[in-house]
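Residue numbers (the numbering used here): 436 to 808.
Here a beta-carbon is modelled for each residue, glycine too, at the ideal position from N, C-alpha and C.
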Ligand code: PEP
Ligand code: MN
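Okay, here's the thing in C-alpha cells:
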C-alpha cells in the first residue's frame, strides 16, 4: 500500500510526525519513505510493507497529510504503475526533464578516445541544439585484451569540454561502485560544468551489489539497460532495486536481445516493448538503436538500419534515444562499425522529429476515440 502525501509535506511538521507515530504502532507493518524531488514540488510517498490487507483504504485516507492511498500489487512497488495511471516519476536533472512524455537524444561517442574527438563531437552537438550526449570511459569488453576505456584520467577534460559546449547531461556507464565515486570527485574537482546520468549496462543488469550502490546515491540519475538474456520482468525488478535503495530517477533502456533470430542485426531489436515498459512502469523509456543494430547497414530506401529502428522506437513513444556517433568511426576504439558520422547528425535528428510528430499525432487521434481511463 502506498500513502501519497500532500505535495511539499514538511517532514518536520507536527502533522507528519503524528502520521509517522500512527504508522509505527501498526502491527506487522514496516514503512519506507520515498521522496521524489521534482522541478516544482517535493512528493512524499510512504510504502507500507507487510500485512497491509488488514488496512482499509478509507481509514488510511483520513490520516494527517495523506492525500491519496493506492493499494499495490507485489511487483515493482515503486517504479510500477499499479492501478493509478496518473502518478508520475518524472525528474529534472541539470534543467532537463525526463518523463514518459518527453524525448531527448543522447548522441555521442561509444567510448572516449581522444580529447579532439570529444571536442569535435560536442561542438557538433551544440551546433545542432543538443544538450545531452553519451560518452563511455569505463567499457565492459568481451575480450580482456580489448581497450577498456580511459577511466578516470579523462573525466576532467570530458566534463570541462561538456561545460564549454553547453552539454548538460552525459550518459556514462559504470561497472563498479568505485566509478561512481570517481565521477563524483571529477565533477567536484571541475566545478560541476555538466551532469552525468550513470549507465548500468546490459551485462550488469543483475549485478545486484552494483544496483544497490548506484541506488543509494541520489546525486545522479540512472540509465538502466535491459539485460540481453533475461526476461523483461527480471530487468524491471533490477530497476526496482535502484528505486528501493532510494534513487527513483531512472530511465529504462531497451537495447536489443541476444539471439541469432535477429541476424543480421547485432541484437534482436525489442522496441515493440517501448509501450509495454510504459504500461508496466512509470519510467521514461530509452532506446539504443546502435547496440541493437550494430552496423551502418543501409536499406534500399537509403535510410540506415539505425535510423529505421530509431524511428520505430520513437513512433512507439520512446523518451530517450542513446545513439553512437563518431567524428571518424574508422578510428574509434570501440564500436566504430556502428557509429554514425557527424554529417549524418542533421538528417538523423530530423528523422527523429518526423517520427516524434507522427507519434504525437497517433496519440491525439486515439484520444478522440477512447474515453479517459
Ligand atoms: C554501451 O552503451 O556502450 C554499451 C556497452 O551498451 P550495452 O550495455 O547495451 O551493451
Ligand atoms: Mn558500445
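Item to check | Simplified DSSP assignment, three categories, for residue 663 | outcome: coil
Checklist entry - Where DSSP assigns a beta bridge to residue 608, which residues make up the other side? => result 634
Checklist entry - Which residue spans inside the segment 500-530 form an unbroken beta strand (DSSP E) run of at least 3? => result 501-505, 526-528
Item to check | Residue environment, residue 800, which counts as buried when at least 16 other CB atoms sit within 10 Å | outcome: exposed
Item to check | Under 8 Å between C-beta atoms of residue 680 and residue 641 | outcome: no
Checklist entry - So who's on the other strand from residue 568, going by DSSP bridges? => result 605
Next on the checklist: Here's the rule: buried if 16 or more other CB atoms are within 10 angstroms of the residue's CB, otherwise exposed. What is residue 565?
Outcome noted: buried
Next on the checklist: For a minimum of 3 consecutive residues, which ranges assigned as the beta strand (DSSP E) are wholly contained in the segment 675-750?
Outcome noted: 685-689, 720-722
Checklist entry - With respect to 7 Å, is the separation between the Cβ of residue 660 and the closest non-hydrogen atom of the ligand PEP below this value? => result yes
Checklist entry - What residue does the beta strand (DSSP E) around residue 438 start on, and which one ends it? => result 437-440
Checklist entry - Going by the C-beta, is residue 608 closer than 7 Å to any heavy atom of the ligand PEP? => result yes
Checklist entry - Would you call residue 492 buried or exposed, if buried means 16 or more other Cβ atoms sit within 10 Å of its Cβ? => result exposed
Checklist entry - With respect to the beta strand (DSSP E) encompassing residue 542, which residues constitute its N-terminal and C-terminal limits? => result 539-546
Checklist entry - Which same chain residues, not among the five before or five after residue 525, have their C-beta less than 7 Å away from its C-beta? => result 473, 532, 533, 534
Checklist entry - Who are residue 470's beta bridge partners in DSSP? => result 479
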